[in-house]
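> Residue numbers (full-length UniProt numbering), protein chains in the order written: chain E, 1 to 405; chain W, 1 to 83.
1. Taking 8 Å as the CB-CB cut-off, is residue 45/W touching chain E?
2. Output the boundary residues of the beta strand (DSSP E) element that contains residue 118/E.
3. Residue 304/E and residue 346/E - do their beta-carbons sit closer together than 8 Å?
4. Which residues in the same chain have their Cβ closer than 6 Å to the Cβ of residue 395/E, if we skip the five residues on either side of it in sequence?
5. For residue 210/E, which residues in the same chain have their Cβ closer than 8 Å to its Cβ, ignoring the five residues on either side in sequence?
6. With a threshold of 6 Å on Cβ separation, who are the neighbours of residue 13/W within its own chain once the five nearest residues in sequence on each side are excluded?
7. What are the residues in the UniProt domain "Carrier" (1-79) of chain W lying within 9 Å of chain E by C-beta distance?
8. What residue range is occupied by the uninterrupted alpha helix (DSSP H) comprising residue 11/W?
9. Chain W partners of residue 208/E, CB-CB under 8 Å?
10. Give me, in chain order, the residues of the same chain whose beta-carbon lies closer than 7 Å to that of residue 265/E; leave out the 5 immediate sequence neighbours on both sides.
11. For a quick check, are the C-beta atoms of residue 170/E and residue 112/E less than 8 Å apart?
12. In whole angstroms, what separates the C-alpha of residue 66/E from that of residue 114/E?
13. Is there contact between the region 345-359 of chain E and the region 21-35 of chain E, where contact requires at least three CB pairs shorter than 8 Å?
14. Go to residue 180/E, then tell me how far its alpha helix (DSSP H) extends in each direction, as first and last residue.
15. What span of residues does the beta strand (DSSP E) with residue 185/E cover, start to end?
16. Expressed to the nearest angstrom, what Euclidean distance is found between the alpha-carbon atoms of residue 80/W and residue 40/E?
17. Under a CB-based cut-off of 8 Å, is residue 306/E close to chain W?
18. Considering residue 23/E, what are the terminal residues of the alpha helix (DSSP H) in which it resides?
19. Would residue 335/E and residue 108/E qualify as a contact pair, given that the criterion is a beta-carbon distance under 8 Å?
20. Which one of 141/E, 373/E, 361/E, 315/E has the shortest CA to CA distance from residue 324/E?
21. Among residues of its own chain, excluding the 5 on either side of residue 181/E, which ones have a beta-carbon nearer than 7 Å to its beta-carbon?
22. Using 8 Å as the Cβ pair cut-off and three pairs as the minimum, do the region 143-160 of chain E and the region 182-190 of chain E touch?
23. Can you pull the chain W neighbours of residue 223/E, defined as C-beta to C-beta under 7 Å?
24. Determine the burial state of residue 244/E: buried for a count of at least 16 other Cβ atoms within 10 Å of its Cβ, exposed for fewer.
25. DSSP three-state call for residue 6/E: helix, strand or coil?
26. Under a three-way DSSP split, which group does residue 138/E fall into?
27. Given this structure, state the Cα-to-Cα distance separating residue 276/E from residue 257/E, to the nearest angstrom.
28. Tell me which residues of the region 31-53 of chain E have at least one Cβ-Cβ distance to chain W shorter than 7 Å, keeping chain order.
29. Please name the residue or residues paired with residue 210/E in a DSSP beta bridge.
30. State the start and end residues of the unbroken beta strand (DSSP E) segment that holds residue 97/E.
31. Quick one: Cα of residue 403/E to Cα of residue 376/E, how far?
32. State the beta-bridge partners of residue 292/E as determined by DSSP.
33. In this structure, what does DSSP give as the bridge partners for residue 396/E?
34. Which residue comes first and which comes last in the beta strand (DSSP E) that contains residue 157/E?
35. Excluding the five sequence neighbours on either side, which residues of its own chain have a C-beta within less than 7 Å of the C-beta of residue 7/W, listed in chain order?
36. Which word fits residue 384/E, buried or exposed, when buried means at least 16 other C-beta atoms lie within 10 angstroms of its C-beta?
Structure follows, in structure tokens:
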């Protein structure tokens, strides 16, 4: 079977707008959740967010491009630029390689900020016109399309959407496309720009947002914290990557997915457990070969207690000892970007031999009897990691990744 | 039963289809088996009806509101504060 290498990755997040800064924050245990900045108004129920800060869109992407780029496309394109540069690829210069490359970028909210700006003009300000580029900015495939245009990717390309699992679905599809030989490489990941008034009001209305901060698996957790950003990867057939001397960051070992067919918001133990098992089967891993789990870990009461049951169902007695952390405590819930941000965290963990902490942890919850690596990261010899995404709508996607070499 | 009790019970009946006779100030939300999504809808309807904001978080439902009376008291306090 064709092995799949990760040869590049890029990230935009509340804890860094490049991989080096993101890596440092994880290693130092420095979270990025803060009160929102730059909004005219902040909903009362929102205390902190995982907002992308210090992102110089003009410097990263060029002034000429910006009128056509909603922030979700900006984040996705900047992360893809970093990933493709890290992989040492110049697909524009090699049209044949561009044709053998796929691009799949997931998103949950797509161009919600652009739509909001248009509706504000129409319904609040009484204006009669909207931004002429409203449609190409807000469409869900905008980020994917801009990545293909910027890099000359002319193979299979599309966007996927499955709320909080969008990035993992995109990455997993790329794994299977490279493995099957349909393409030689795939640029895959997820992106979302969610820190705007309308979207924050929508999350506030659902009454699941934290009153203080994101405390995954902690007894006193009060909910999730809205984040945003992008995580994008270059996946390549192992032999092809080796042949061109590309650096291999990690191996994509497996992918599993499932649907709960249950509740639109409440997660199911059975559905999520089936996705984890499918991922382990795909990777050829036994449960006792998993060294670290980057949890979905949203810090809602319902998610974390359910996820603990999922881990117990799949890992049995090892559930209490396999290290599980939620890096959402650093960067918030990036929704369509979440799986991308968290796979970057997993690759960093494998490279550094370091398990990122679950921050803001105060007290164990009897409903979550796990080793959640509370507050302080931990050195550990890691060979394999899982990254779980269990989305609203009951759509589950789990990735397995293995240390390179 | 006060007007406020009456109005809130009306909203609960509308959103949950619970029989009216099961509702009282002492009725426990857990015993009524009101789902957290139904409760979100109830709070939204109460906020719209009284033009107030109720500080409700689905994650802390069990510790914040034991009975319907607790909900009614919270609404009364917010009407006092915000009205």
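All C-beta atoms in this analysis are idealised placements derived from N, C-alpha and C, irrespective of residue type, glycine included.
In this structure, then:
1. No, no contact with chain E.
2. From DSSP, residue 118/E is part of no beta strand (DSSP E) but of the alpha helix (DSSP H) over 112-119.
3. No, the Cβ-Cβ distance between residue 346/E and residue 304/E is not below 8 Å.
4. The beta carbon of residue 395/E sits closer than 6 Å to those of 162, 165, 259, all from its chain and outside the five residues before and after it, given in chain order.
5. 47, 48, 221, 222, 223, 224, 225, 299, listed in sequence order.
6. Excluding its 5 nearest sequence neighbours in each direction, residue 13/W has C-beta neighbours in its own chain below 6 Å: 20, listed in chain order.
7. Residues of the UniProt domain "Carrier" (1-79) of chain W with a C-beta atom less than 9 Å from some C-beta of chain E are 35, 36, 37, 39, 40, 43, 44, 53, 55, 56, 57, 58, 59, 60, 61, 62, listed in chain order.
8. Its alpha helix (DSSP H) spans residues 3-16.
9. By Cβ distance, chain W contributes 57, 58, 59.
10. The answer, listed in chain order, is 392.
11. Judged by beta-carbon spacing, residue 112/E lies beyond the 8 Å limit of residue 170/E, meaning their Cβ atoms are not closer than that value.
12. Approximately 12 Å between the Cα atoms of the pair.
13. Verdict: yes, contact present.
14. Taken as a continuous stretch (DSSP letters only), the alpha helix (DSSP H) holding residue 180/E covers 166-180.
15. That run of the beta strand (DSSP E) goes 185-192.
16. Going by the C-alpha atoms only, they are around 28 Å apart.
17. By this cut-off, residue 306/E is not an interface position.
18. Taken as a continuous stretch (DSSP letters only), the alpha helix (DSSP H) holding residue 23/E covers 19-28.
19. Yes; because the gap between Cβ atoms is below 8 Å, this pair is in contact.
20. Considering only alpha carbons, the answer is 373/E.
21. Hits under 7 Å: 2.
22. Yes, they touch.
23. In chain order: 57, 59.
24. Classification of residue 244/E: exposed, given that the 10 Å Cβ count is below 16.
25. It is a strand residue.
26. In this structure, residue 138/E counts as helix in the three-state DSSP scheme.
27. Rounded to the nearest angstrom, the two C-alpha atoms are 8 Å apart.
28. If the cut-off is 7 Å between Cβ atoms, the region 31-53 of chain E has 44 near chain W.
29. Paired residues: none, contrary to the question.
30. Unbroken run through residue 97/E is the alpha helix (DSSP H), 95-99; no beta strand (DSSP E).
31. Cα to Cα, the separation comes out at about 22 Å.
32. Residue 292/E pairs with 385/E.
33. Residue 396/E is bridged to 258/E, 390/E.
34. Note, residue 157/E: beta strand (DSSP E), 157-160.
35. Around residue 7/W: 49.
36. That one is buried.
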